[in-house]
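Position 13 (the sequence shown) corresponds to 49 in the working numbering; numbering is contiguous.
For reference, the structure is listed below as C-alpha cells.
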Amino acid sequence: LNMICHLCQKMKIKNQIQSQTMKSKKNQAMVSRKNQKMNLTKKNQVNLVKNSWAVKCTMKVCAMKVV
Numbered sequence: 037l038n039m040i041c042h043l044c045q046k047m048k049i050k051n052q053i054q055s056q057t058m059k060s061k062k063n064q065a066m067v068s069r070k071n072q073k074m075n076l077t078k079k080n081q082v083n084l085v086k087n088s089w090a091v092k093c094t095m096k097v098c099a100m101k102v103v
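See the structure below:
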C-alpha cells in the first residue's frame with residue numbers, strides 16, 4: 037500500500053497553498069475553498085495512516101520512512 041504519511045501530506049499542502057497564494061490574490065476565495073477541501077482529505081489521509089499496518093510513504097523527501 038503506497039501512501040503519503042501525514043508529515044509529507046502537511047508539507048505538500050503547505051507548498052500547494054503557498055504556490056496558489058503567490059499566483060494571485062484574486063483567487064483568494066477559491067484558494068480558501070480548496071484549502072477546506074484539502075484539509076478534509078488531509079484528515080482522512082492521517083486516519084488512513086493511523087489505521088494502516090503497512091504504510092509506505094512514497095514521498096522522496098520523507099523523514100520518517102513509514103513502513
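Glycine is no exception: its CB is placed at the ideal position from the N, C-alpha and C atoms.
Just the Cα atoms here: how many angstroms apart are residue i and residue j?
i, j, result
"GLN52", "LYS46", "10 Å"
"VAL73", "ALA65", "For clarity, residue 73 is Lys in the given sequence; the question names Val instead. One C-alpha to the other measures close to 13 Å."
"LYS50", "LYS70", "12 Å"
Leaving out five residues before and five after residue i in sequence, what residues of the same chain have Cβ atoms less than 7 Å from its Cβ?
i, result
"SER55", "none"
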